[in-house]
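Single-structure report; data block below.
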Amino acid sequence: HCSKEPHQRFLFLKAMTENSSSNSGKGKNIIDEQQHEESGKSEEGNNNRLVNEILSYNESQLKFLLNVGIVKDCELSMPYITQLTSDKWNLFLRTPQFEGIFLGFLKEGEDVRDGIPVNVYDKHGHEFEMMLKKFHKGSISYYVLNRGWLSFCNQQHLGENDIIALRTFRHAITDKLSFVVTYVRVAW
Numbered sequence: 124h125c126s127k128e129p130h131q132r133f134l135f136l137k138a139m140t141e142n143s144s145s146n147s148g149k150g151k152n153i154i155d156e157q158q159h160e161e162s163g164k165s166e167e168g169n170n171n172r173l174v175n176e177i178l179s180y181n182e183s184q185l186k187f188l189l190n191v192g193i194v195k196d197c198e199l200s201m202p203y204i205t206q207l208t209s210d211k212w213n214l215f216l217r218t219p220q221f222e223g224i225f226l227g228f229l230k231e232g233e234d235v236r237d238g239i240p241v242n243v244y245d246k247h248g249h250e251f252e253m254m255l256k257k258f259h260k261g262s263i264s265y266y267v268l269n270r271g272w273l274s275f276c277n278q279q280h281l282g283e284n285d286i287i288a289l290r291t292f293r294h295a296i297t298d299k300l301s302f303v304v305t306y307v308r309v310a311w
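Quick note: the sequence shown uses our numbering, first residue 124, plus one each step.
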């Protein structure tokens with residue numbers, strides 16, 4: 124059980140929303156990153172509004188998880204924020220942004236190139252077993268969260284354009300690499 128107030132536990136950084144889930148596991152959005160960056164500037168204001176909304180809503184969604192005591196030493200990473208695409212099979216995570224958030228939680232001997240079994244929790248503390256793996260395609264590398272991502276999306280009723288925040292932590296009892304996913308559904 125974490126005794127600190129939520130605003131003392133978390134530092135929220137402004138993050139940019141980005142597409143991370145791809146087309147049929149091919150990393151299309153990762154490889155087409157330049158196209159994404161060249162998309163219309165009119166979306167930027169809407170994305171900033173959504174980022175602010177998820178960051179403020181995010182703190183209230185995390186209270187339950189922290190109060191049940193599964194987060195080791197009450198240490199959660201900064202949020203990795205992304206917008207979902209139509210692919211529900213895999214969650215693609217861009218290397219520089221994601222690594223900056225989660226590498227501090229990785230233990231010696233855990234090799235994401237081989238894949239690491241992880242637990243992913245929703246805002247109610249429900250656990251989903253998944254796999255985190257790092258892939259390389261040419262000069263581009265990216266992480267994929269899968270083997271359970273589809274089930275998570277279906278149970279949470281998540282779909283294309285919804286915004287998620289992924290935070291890394293170590294489980295207080297098992298010390299297993301874990302994530303909590305909070306989200307804002309977007310009506311387009």
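Even for Gly, the Cβ is constructed at its ideal location relative to N, Cα and C.
With 16 other Cβ atoms within 10 Å as the buried cut-off, status of residue i
{"i": "residue 206", "result": "buried"}
{"i": "residue 308", "result": "exposed"}
{"i": "residue 193", "result": "buried"}
{"i": "residue 226", "result": "exposed"}
{"i": "residue 305", "result": "buried"}
{"i": "residue 219", "result": "exposed"}
{"i": "residue 159", "result": "Since pLDDT at residue 159 reaches only 40, below the 50 mark, its modelled position is unreliable, and the value read off the structure follows with that caveat. With fewer than 16 Cβ atoms within 10 Å of its Cβ, residue 159 is classed as exposed."}
{"i": "residue 260", "result": "exposed"}
{"i": "residue 208", "result": "buried"}
{"i": "residue 263", "result": "exposed"}
{"i": "residue 237", "result": "exposed"}
{"i": "residue 186", "result": "exposed"}
{"i": "residue 256", "result": "buried"}
{"i": "residue 196", "result": "exposed"}
{"i": "residue 298", "result": "exposed"}
Boundaries of the alpha helix (DSSP H) in which residue i is found, first to last residue
{"i": "residue 273", "result": "272–279"}
The beta strand (DSSP E) enclosing residue i, as first and last residue numbers
{"i": "residue 288", "result": "286–293"}
{"i": "residue 304", "result": "300–307"}
Contact check, residue i vs residue j, beta carbons under 8 Å
{"i": "residue 301", "j": "residue 241", "result": "yes"}
{"i": "residue 267", "j": "residue 228", "result": "no"}
{"i": "residue 293", "j": "residue 303", "result": "no"}
{"i": "residue 286", "j": "residue 224", "result": "no"}
{"i": "residue 246", "j": "residue 188", "result": "yes"}
{"i": "residue 288", "j": "residue 202", "result": "yes"}
{"i": "residue 248", "j": "residue 191", "result": "yes"}
Rounded Cβ spacing between residue i and residue j (contact assumed at less than 8 Å)
{"i": "residue 277", "j": "residue 212", "result": "Contact doesn't hold; Cβ gap of about 11 Å is too wide."}
{"i": "residue 275", "j": "residue 251", "result": "5 Å"}
Length-filtered (4 minimum) alpha helix (DSSP H) runs lying within the stretch 190–269: Within the stretch 190–269, the runs of alpha helix (DSSP H) that reach at least 4 residues and sit entirely inside it are, in chain order, 218–225.
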